[in-house]
Every structure is written in C-alpha cells, then in structure tokens.
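Residue numbers (this note's numbering), protein chains in the order written: chain A, 5 to 170; chain B, 49 to 389; chain C, 683 to 940. C-beta atoms are modelled at their ideal positions from N, C-alpha and C, and glycine is treated no differently.
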Amino acid sequence: MLHEYLPFLEGFVVYPMWRLILVIVSLVTVLALFGLLQFTRFGLVVRAGMRDAEMLRFLGINIERRFAIVFGLGAGIAGIAGLFGGPVTQVYPGIGMAYLVPSFLVVVIGGMGSVPGAVIASLLLGMALAFSAEYSNIQQIIIYLIAVVVLLVRPRGLLGKKGVLE
Amino acid sequence: MIHEQERETGAVRGELVPVGIFAAIALTMPFWFPLIGGYSGLDTKILIFVIFVLGFDLLLGFTGYLSFGHAAFFGTSAYTTGLTLLHYSSDIIPAMLMSILVTFVLALLIGLLLTKRTGIYFAILTLAFASMLYRAALSIFSDFTGGDNGLTGLPSPTLFGQQLHGTAVFMLVALFAIVGFWIALRIARSPFGLMLRAIKSNQERLAYTGIDVSLYKLWGFIVSGLYGGVAGSLMVIYEPYVATHFLHWTMSGEVVIMAVIGGVGTLIGPMIGAAFMMYFENVASAWIGEQWLLVLGVLFVLIVMYLPGGFVDGARRLRAWIRHRRSGTDAQSPAEKDTHG
Amino acid sequence: MADANAAAHLLEVDSVSVHFGGVAALQNVDLRVKEGSTHCIIGPNGAGKSTLVNVLTGQIRPDEGHVRFAGQSLDAVRPHDINQRGIARVFQSPSIFDEMSLRNNVAIAALAKRDGKFRFNLFQPRSRMASAWKQADEKLDAVGLADQRHTEAEHLSRGDKRRLELAICLAAEPRLLLLDEPTAGMSRHETESTIELLKQIASTGVTKVVIEHDMHLVFSLAERLSVLHQGSVIAEGTPDEVRNNQQVVEAYLGGARE
Numbered sequence: 005m006l007h008e009y010l011p012f013l014e015g016f017v018v019y020p021m022w023r024l025i026l027v028i029v030s031l032v033t034v035l036a037l038f039g040l041l042q043f044t045r046f047g048l049v050v051r052a053g054m055r056d057a058e059m060l061r062f063l064g065i066n067i068e069r070r071f072a073i074v075f076g077l078g079a080g081i082a083g084i085a086g087l088f089g090g091p092v093t094q095v096y097p098g099i100g101m102a103y104l105v106p107s108f109l110v111v112v113i114g115g116m117g118s119v120p121g122a123v124i125a126s127l128l129l130g131m132a133l134a135f136s137a138e139y140s141n142i143q144q145i146i147i148y149l150i151a152v153v154v155l156l157v158r159p160r161g162l163l164g165k166k167g168v169l170e
Numbered sequence: 049m050i051h052e053q054e055r056e057t058g059a060v061r062g063e064l065v066p067v068g069i070f071a072a073i074a075l076t077m078p079f080w081f082p083l084i085g086g087y088s089g090l091d092t093k094i095l096i097f098v099i100f101v102l103g104f105d106l107l108l109g110f111t112g113y114l115s116f117g118h119a120a121f122f123g124t125s126a127y128t129t130g131l132t133l134l135h136y137s138s139d140i141i142p143a144m145l146m147s148i149l150v151t152f153v154l155a156l157l158i159g160l161l162l163t164k165r166t167g168i169y170f171a172i173l174t175l176a177f178a179s180m181l182y183r184a185a186l187s188i189f190s191d192f193t194g195g196d197n198g199l200t201g202l203p204s205p206t207l208f209g210q211q212l213h214g215t216a217v218f219m220l221v222a223l224f225a226i227v228g229f230w231i232a233l234r235i236a237r238s239p240f241g242l243m244l245r246a247i248k249s250n251q252e253r254l255a256y257t258g259i260d261v262s263l264y265k266l267w268g269f270i271v272s273g274l275y276g277g278v279a280g281s282l283m284v285i286y287e288p289y290v291a292t293h294f295l296h297w298t299m300s301g302e303v304v305i306m307a308v309i310g311g312v313g314t315l316i317g318p319m320i321g322a323a324f325m326m327y328f329e330n331v332a333s334a335w336i337g338e339q340w341l342l343v344l345g346v347l348f349v350l351i352v353m354y355l356p357g358g359f360v361d362g363a364r365r366l367r368a369w370i371r372h373r374r375s376g377t378d379a380q381s382p383a384e385k386d387t388h389g
Numbered sequence: 683m684a685d686a687n688a689a690a691h692l693l694e695v696d697s698v699s700v701h702f703g704g705v706a707a708l709q710n711v712d713l714r715v716k717e718g719s720t721h722c723i724i725g726p727n728g729a730g731k732s733t734l735v736n737v738l739t740g741q742i743r744p745d746e747g748h749v750r751f752a753g754q755s756l757d758a759v760r761p762h763d764i765n766q767r768g769i770a771r772v773f774q775s776p777s778i779f780d781e782m783s784l785r786n787n788v789a790i791a792a793l794a795k796r797d798g799k800f801r802f803n804l805f806q807p808r809s810r811m812a813s814a815w816k817q818a819d820e821k822l823d824a825v826g827l828a829d830q831r832h833t834e835a836e837h838l839s840r841g842d843k844r845r846l847e848l849a850i851c852l853a854a855e856p857r858l859l860l861l862d863e864p865t866a867g868m869s870r871h872e873t874e875s876t877i878e879l880l881k882q883i884a885s886t887g888v889t890k891v892v893i894e895h896d897m898h899l900v901f902s903l904a905e906r907l908s909v910l911h912q913g914s915v916i917a918e919g920t921p922d923e924v925r926n927n928q929q930v931v932e933a934y935l936g937g938a939r940e
C-alpha cells in the first residue's frame with residue numbers, strides 16, 4: 005500500500021522499524037542469556053544446581069538464592085517480550101494466558117535446560133504458525149501436533165539434557 | 049500423607065464406614081446445602097467435580113504422574129454425550145455408554161503413547177493432546193461441535209422415557225459419586241493400588257520385582273480417565289449444553305488445583321478441595337465481591353506454601369496440636385515422630 | 683555345550699561382548715554358575731562388573747553372545763519377565779520403596795510372585811492383602827526386621843535398608859540372587875552383619891552371584907570366583923586357586939590382599 009503513494013519505493017520491501025527493533029532485541033536477549041548461563045561463574049553454578057542441588061548445598065553454595073535470581077530473570081525477560089511484543093499484537097488482560105501454553109511447549113520441545121534448544125523450538129513453532137496461516141483450521145492444532153511428534157520421537161525434546169525435571 | 053498403619057488397618061476394616069459417611073453427606077446435600085448459601089444445582093455440580101477429581105487423584109496421588117490434560121477426557125465425553133443425545137436418542141443410557149467407550153479408547157491411545165514418559169514431559173504431552181482436541185473441536189470438527197458456541201439445542205435428557213429434572217439428576221450424580229468413591233477406595237486398598245503407589249515411590253525396584261510397570265501405569269491412566277469421562281457425561285446430563293471450555297486446559301488446571309489444595313493422594317482431600325473450589329467460586333465469591341479471584345489466588349499460594357499436604361494435612365496438624373495441648377505433656381507431634389529411626 | 687554338566691548350571695553366559703561406542707565394556711565373557719552355589723565376580727573399577735549385571739537382568743542387550751537361565755535363553759526376554767523367571771537384584775545403594783511401610787515393601791514382591799507381572803485386581807483385596815502381608819512378615823522376620831514392620835522404610839539405617847531390600851528380593855522367591863556390591867558404603871560392623879545374613883540366606887539354597895570389591899567378604903562367601911579385568915575374565919576358580927593365580931595377583935590383587 006505504501007508503494008501507491010511513494011512510487012520510488014518500487015522493488016523495495018518495506019519492513020516496519022519496530023519489527024526490526026524487535027528482532028534485534030530478541031537476538032541480544034537470547035545471546036546475553038546464553039552467555040550468562042554458559043560463560044560466567046553464576047551460570048556454571050546454576051547449571052550445576054539444575055543437576056544436583058543437594059551437592060551444591062553441601063559445598064556451601066546458596067543455590068536457593070541463585071534460583072530466585074534466575075526466576076526473577078525469567079520474569080524480567082517475559083517482561084521484555086511483553087514490552088516489545090505488545091505493539092505488534094493485540095493487548096488484553098488475558099494475553100499472558102494465551103502465551104503461557106505455547107511457551108511451555110517451546111521449552112519442552114527445545115528440551116529442558118537448553119537455551120539453544122528453546123531458540124530452535126521457538127523458530128520451529130513460529131514458522132509452523134506462519135506457514136499454516138492460510139489454513140486457519142489447522143493453524144492452532146499444528147503447534148500441538150509438532151509438540152507431540154517431537155516428544156514421541158525424542159523423549160527429552162530436541163536438545164534436552166538428561167536428568168532435568170524428570 | 050496417610051500414615052502407613054492407617055492404610056494397613058483400613059484395608060482390613062473395609063470400605064463400609066467411609067462410603068456410608070460419604071453417602072450420608074452427599075444424599076442429604078439438598079437439605080443442608082441451601083442453608084449455607086448454596087443454590088439448587090450447585091450441589092449436583094460439586095458431586096460431578098468430586099467424581100472428576102477422584103479420578104485425577106488416582107493418577108497424581110498414586111502413580112505420581114501429573115496429567116495436565118484431564119480436560120481431554122471430561123470434554124470429549126461431554127461432547128460424545130451431547131452428540132448422542134442430539135442425534136441418537138434423548139435417553140441417557142446410550143449416551144453414557146457411548147461416552148464411557150469413547151473415553152476408554154481415548155485414554156488407551158494416549159496412555160499407550162505415554163507409558164514411557166515421565167515428569168514434566170508426561171505433563172506437557174497430556175497438555176498437548178488435550179489442547180489439540182480443544183483446537184480441533186473449535187476448527188476442523190466445528191460442524192459437529194458447534195465451534196465457538198458450544199453444542200447447543202440438546203433435548204432434555206430422559207431415562208426410560210421419563211424426563212430428568214433437578215432432583216432426579218442429583219440422585220443420579222450422587223449415585224455415581226458414591227459408587228465412584230467406593231471403587232476409588234477399593235483401588236487404594238487393593239494390590240492394584242499398592243502397585244500404583246509403588247510406581248510413585250520407586251519404579252526401578254518395582255520393575256526389578258518382576259512387575260510390568262507400563263501396564264500398571266497404563267491401566268492407572270485409563271481408570272483415571274474414565275472417572276473424568278463419567279463426570280463429563282454427567283455434566284451434560286445435568287445441563288444439556290456442551291461448553292467449549294470443558295476441553296480447555298484451564299479445566300485441567302482447575303482439577304489440579306482442587307486436588308492439590310485438598311491433599312493429593314488422600315481421596316478425601318481432593319473431594320473436599322473440589323467442594324471448596326466450587327463453593328468459593330459460586331457462593332463465597334458473591335460475599336467477597338469483585339475481588340474474589342484475587343482472594344482465591346492468594347489462598348492457593350498460601351496453601352501451597354504453608355500447607356503442602358492440603359486440607360487433609362492441615363486437619364492432621366490441627367488434631368496433633370489439640371492432642372498436644374490437651375495432654376500437656378511432651379507428646380510428640382507427627383513431624384517429630386517421623387525422625388525416629 | 684550339551685555336556686552332562688550343563689543341566690546343573692543355573693546361569694550360563696556364553697562369550698558375551700558389549701560395546702559402548704568404540705569401547706568394549708565386555709569381551710567374550712563366559713560364566714557358569716551352579717545351582718545353589720555362591721559365585722563372586724571381582725575386578726577393579728571399570729572392569730565391566732556393572733555392565734555384566736545389567737546384561738544378566740536384561741537392561742543391556744549383549745552385542746554378541748548369549749545368556750541362558752535355567753536352560754532357557756534370555757535373549758528376547760523383557761527385563762521384568764527375566765525377574766519373573768527368578769532373578770532378583772540387590773543394588774549398590776539399597777533400592778526400596780521409601781514412603782511405604784516395611785510390610786508393604788515386601789508385600790509388593792510377594793504379590794508380584796503370586797499374581798505375575800500384571801493383575802487388575804480390585805475386587806478381592808482384603809484376603810489377598812492379608813496373605814501377602816503374612817508372607818511379608820515372615821520374610822521380614824528372616825532378615826530381623828519384623829518388629830519394625832509398620833515403620834516407613836525411609837527411616838531405616840543404611841544397613842537395615844539393605845536388609846529390607848534382601849527381604850523384598852527373597853519374597854519374590856528367586857532362584858538367582860544378584861548382589862551388586864552389597865556392602866558398598868557400609869561400616870565394618872554393618873558389613874559383618876550383612877555377611878552373616880548372606881551366609882544365612884545361602885543355607886536356603888538360593889544361588890547367588892556377588893559383585894564385590896571387599897576381599898574380606900569375597901573370601902568368606904565365595905565358592906567360586908571370576909576375575910574381570912578390562913572387560914575380560916582373566917581367571918576363574920575356587921578362591922584359593924584365584925588367590926594363587928600369578929596373573930591375577932599381578933593384575934589386581936597385589937595390593938589388596940589381606
């Protein structure tokens with residue numbers, strides 16, 4: 005539609021600025037989170053605590069406090085998603101509920117305890133949703149179908165680690 | 049948790065006393081329930097959820113498997129009942145039989161796929177199956193299910209040519225609830241129930257004892273699903289209308305909350321939890337006003353944080369405390385006693 | 683393999699090999715265990731002892747070779763069916779039903795023995811439970827835990843948990859008892875009482891295969907010994923024969939000999 009008013013744009017794809025920002029923010033967030041969990045001492049302790057919290061307690065590490073921080077981080081990241089995602093979707097009081105189950109699915113399809121897994125899974129589900137948009141009948145079913153198929157073939161999800169929440 | 053010795057003596061004593069007490073409470077509900085503000089019909093609904101939550105507790109409380117998709121059984125059965133009433137006969141017998149059959153097949157199929165899954169993966173897969181059914185009911189099956197509007201225009205259900213109204217439906221539901229409770233108790237105290245609890249406790253040891261763990265798990269799942277199926281079918285008989293939210297995951301969530309606040313694994317607790325939830329949502333909410341959901345949420349958080357064993361745990365602690373106060377000596381609380389080797 | 687002696691062997695392991703990736707955990711392992719005897723398997727860490735136990739109970743399928751139990755092949759038998767045929771396993775750290783009373787712990791095994799691997803059994807619970815409990819009480823008595831039968835298992839000491847696990851295994855009335863380092867992590871005193879208990883069980887005629895580190899236990903229990911080293915059996919015989927086998931002394935026993 006923009007082309008009609010601005011003919012010199014012919015041949016260009018118009019991409020909304022906000023969505024570009026969204027892509028960048030999401031990339032930065034994911035990389036920062038991955039870096040935090042993978043390359044810092046804090047991340048090491050948290051990942052170890054995921055496997056064997058008891059052992060860390062014996063080592064005199066206050067793992068509960070770190071889990072609380074992780075919980076807070078998770079909430080904060082959800083907040084970022086809301087902040088930057090809000091303008092491109094419809095906002096209503098129950099919007100959290102609508103994203104709750106799909107985000108569960110993303111985590112589990114990706115595999116518990118794996119950030120790259122979650123990224124792959126969210127891309128997978130997002131693409132599935134986008135490409136099935138023409139067939140509105142099955143659009144909503146398809147993400148659950150993917151979840152079922154992935155989990156039946158790979159019981160721990162795509163990149164899940166053994167022993168996390170089983 | 050029920051103390052082991054109680055479980056053992058319970059198995060010897062039989063089910064007559066608890067089932068009798070439950071029957072007395074359930075059957076007199078129409079007389080005393082209005083006195084505490086319950087409207088007619090809510091008692092029926094409470095007993096329907098009692099059936100639902102009993103089945104759920106047989107799964108979560110015994111085998112330790114959290115199903116986050118029990119609405120699948122409730123909802124599928126509700127739709128089956130609705131469709132049978134609509135297209136075949138307004139008599140409830142074929143409708144209920146059909147519902148139970150469909151629920152059984154559904155539980156068998158899901159159960160077979162899930163027997164090797166544990167923990168969070170089990171919960172998510174049940175959730176995914178249930179959500180798939182919900183979405184399917186709204187989209188590809190919407191010609192049959194009425195889509196977003198739910199299944200409407202059902203004939204009022206009959207039994208042997210007689211129209212079923214308030215009291216008759218209540219009696220029917222109460223009968224199912226009493227029988228359901230009796231069977232659940234029977235399962236809890238049977239070798240079958242012992243095996244289910246063993247699954248929760250230590251699957252490896254159970255398998256090495258020569259038990260086919262997946263078969264017990266599968267049948268535990270099916271029995272649990274059937275309770276949901278019966279409840280869903282009764283819901284439509286009580287109110288000849290199938291709402292789409294019967295299949296929604298919030299329905300599954302509701303039954304989880306009922307079981308947890310009541311006391312998972314105790315049978316009695318989840319029934320109390322169901323009654324409490326329904327009463328709170330429908331009666332107490334009116335006294336509290338608009339903020340009732342907030343109050344309910346805070347209540348859940350408090351119960352889960354400070355009373356992880358639910359109402360039943362609370363009652364036990366209270367009893368121990370009263371005994372402690374009365375005796376005045378250094379009587380031990382159960383928590384202390386547990387630490388002795 | 684059809685020699686006259688074969689019938690007397692309860693357990694026959696024929697040239698079993700297991701590979702994990704490129705690593706050979708077991709290579710051509712042979713094992714013969716006579717009915718009613720106590721056979722110990724020793725070897726340093728990583729020798730393949732636990733792999734061998736997992737092969738015997740069906741958790742790991744051998745890449746080559748066969749396992750025969752009571753004359754029948756176990757090649758295609760599911761793990762719990764292997765247990766139903768009469769092999770019971772005692773784990774390195776006691777595997778019991780923590781939240782249940784000792785009585786129910788053992789009753790489960792008694793029911794498994796009587797009802798088989800599955801039975802949808804709701805409508806005659808009282809008499810069946812009562813008789814299973816009676817059996818359980820007998821087994822608990824045999825391991826000296828009868829007076830604690832109403833306690834929940836998690837409150838037991840480690841030594842008593844081991845006793846309970848033995849009671850569970852005995853209630854299944856096995857023909858072969860597999861013990862995977864039964865005294866691991868126990869005090870000297872607990873070890874002694876476990877040895878006493880095992881000797882007592884030996885008198886009931888059940889065949890035992892014991893995986894062990896503790897030489898004291900091995901030499902006070904074993905009738906025959908196999909020495910595993912890097913996935914292969916390097917020696918087999920009576921304790922005295924093995925003790926004097928130069929290869930074993932060099933490979934393994936040298937320092938540990940008492």
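TODO: Measure from the alpha carbon of residue 916 (chain C) to the alpha carbon of each residue in C:751, C:724, C:880 and C:703, then state which is nearest.
DONE: C:724
Open item on the list: Rounded to whole angstroms, what is the Cα-Cα separation between residue 379 (chain B) and residue 814 (chain C)?
Closed with: Here the model assigns residue 379 (chain B) a pLDDT of 44, short of 50, so the residue's position is not dependable, and the following value carries that caveat. Each residue's alpha carbon lies about 34 Å from the other.
TODO: Closer than 6 Å by C-beta to residue 750 (chain C): which residues in its own chain qualify, once you throw out the five before and the five after it? Chain order, please.
DONE: 694
Task: residue 165 (chain B) at chain A interface by Cβ criterion, 8 Å - done: It does; some Cβ of chain A falls within 8 Å.
- [ ] Taking only beta carbons into account, state which residues of the stretch 304 to 326 of chain B come closer than 7 Å to chain C, listed in chain order.
- [x] Contact annotation: in the stretch 304 to 326 of chain B, no residue has its CB less than 7 Å from a CB in chain C.
Task: residue 321 (chain B) and residue 309 (chain B) closer than 8 Å at C-beta - done: yes
Task: Close beta carbons around residue 741 (chain C), own chain, < 7 Å, minus the five adjacent residues each side - done: 761
TODO: Determine the extent of the alpha helix (DSSP H) in which residue 262 (chain B) is found, giving its start and end residues.
DONE: 261 to 286
TODO: Taking residue 641 (chain C) as the reference, give the member of B:181, B:342 and B:238 with the closest Cα.
DONE: With chain C running from 683 to 940 in the structure shown, residue 641 (chain C) is simply not present.
- [ ] Could you run through the stretch 168 to 188 of chain B and flag, in chain order, every residue whose CB is less than 8 Å away from some CB of chain A?
- [x] 168, 169, 172, 173, 175, 176, 177, 179, 180, 183, 184, 186, 187 and 188
- [ ] Using 10 angstroms around the beta-carbon of residue 23 (chain A), count the other beta-carbons present and answer buried if the total reaches 16, otherwise exposed.
- [x] exposed
TODO: Answer yes or no: does any C-beta atom of chain B fall closer than 8 Å to that of residue 79 (chain A)?
DONE: no
- [ ] Using the DSSP secondary-structure output, state which residues sit across from residue 750 (chain C) in a beta bridge.
- [x] C:694 and C:755
Task: Length-filtered (4 minimum) alpha helix (DSSP H) runs lying within the stretch 315 to 357 of chain B - done: 316 to 327, 333 to 336 and 340 to 354
TODO: Drop a sphere of 10 angstroms on the beta-carbon of residue 163 (chain A), count the other beta-carbons inside from all chains shown, and report buried for 16 or more, exposed for fewer.
DONE: buried
Open item on the list: Suppose only complete runs of 4+ residues qualify. What are the alpha helix (DSSP H) ranges in the stretch 165 to 233 of chain B, listed by chain order?
Closed with: 167 to 186 and 190 to 193
Task: Chain-ordered neighbours of residue 97 (chain A) on chain D, where CB pairs are closer than 8 Å - done: Any reference to chain D falls outside this structure, whose protein chains are A, B and C.
Task: residue 252 (chain B), DSSP secondary structure in three states - done: helix
TODO: Would you list the residues sitting across from residue 716 (chain C) in a DSSP beta bridge?
DONE: In the DSSP output, where bridge partners are listed per residue, residue 716 (chain C) has C:691.
TODO: State whether the stretch 238 to 258 of chain B contacts the stretch 136 to 149 of chain B, with contact taken as three or more CB pairs (one from each stretch) at a distance under 8 Å.
DONE: no
TODO: Anything in chain A within Cβ reach of residue 297 (chain B), meaning under 7 Å, just list it in chain order.
DONE: Simply 105.
Task: Amino acids of chain A, ordered along the chain, whose beta-carbon sits closer than 8 Å to that of residue 212 (chain B) - done: Neighbours of residue 212 (chain B) on chain A: none; closest Cβ ~35 Å, over 8 Å.
Task: Span separating the alpha-carbon of residue 847 (chain C) from that of residue 299 (chain B) - done: If I take the Cα positions, the gap works out to 42 Å.
Open item on the list: Any beta carbon of chain A sitting closer than 8 Å to that of residue 161 (chain B)?
Closed with: yes
TODO: Assign residue 858 (chain C) to one of three DSSP states: helix, strand, or coil.
DONE: strand
Open item on the list: I need the DSSP call for residue 699 (chain C), collapsed to helix, strand or coil.
Closed with: strand
Open item on the list: Between residue 762 (chain C) and chain B, is any beta-carbon pair separated by less than 8 Å?
Closed with: yes
Task: Chain-ordered residues of the stretch 264 to 289 of chain B with a beta carbon less than 8 Å from chain C - done: 264 and 267
Open item on the list: At the level of alpha carbons, what is the spacing between residue 727 (chain C) and residue 60 (chain A)?
Closed with: Straight-line Cα distance between these residues: approximately 26 Å.
- [ ] Please report the residue range of the alpha helix (DSSP H) in which residue 880 (chain C) lies.
- [x] Membership of residue 880 (chain C) in the alpha helix (DSSP H) is indicated by the continuous run 870 to 884.
- [ ] Could you please give the first and the last residue of the uninterrupted beta strand (DSSP E) stretch that includes residue 908 (chain C)?
- [x] 906 to 911
Open item on the list: Under 8 Å, Cβ to Cβ, is there at least one residue of chain B near residue 941 (chain C)?
Closed with: Given that chain C is displayed from residue 683 to residue 940, the structure contains no residue 941 (chain C) and the question cannot be resolved.
TODO: State the Cα-Cα distance for the pair residue 341 (chain B) and residue 318 (chain B), rounded to the nearest angstrom.
DONE: 20 Å
Open item on the list: Restricting to Cα atoms, I'd like to know which of A:151, A:103 and A:38 is closest to residue 112 (chain A).
Closed with: If we check each option's Cα against that of residue 112 (chain A), A:151 comes out closest.
Open item on the list: Check whether the stretch 786 to 801 of chain C and the stretch 762 to 777 of chain C are in contact - that is, three or more C-beta pairs closer than 8 Å.
Closed with: yes
TODO: Jot down the residue ranges of each uninterrupted alpha helix (DSSP H) in the stretch 105 to 157 of chain B, minimum 4 residues, whole runs only, in chain order.
DONE: You should have 119 to 135.
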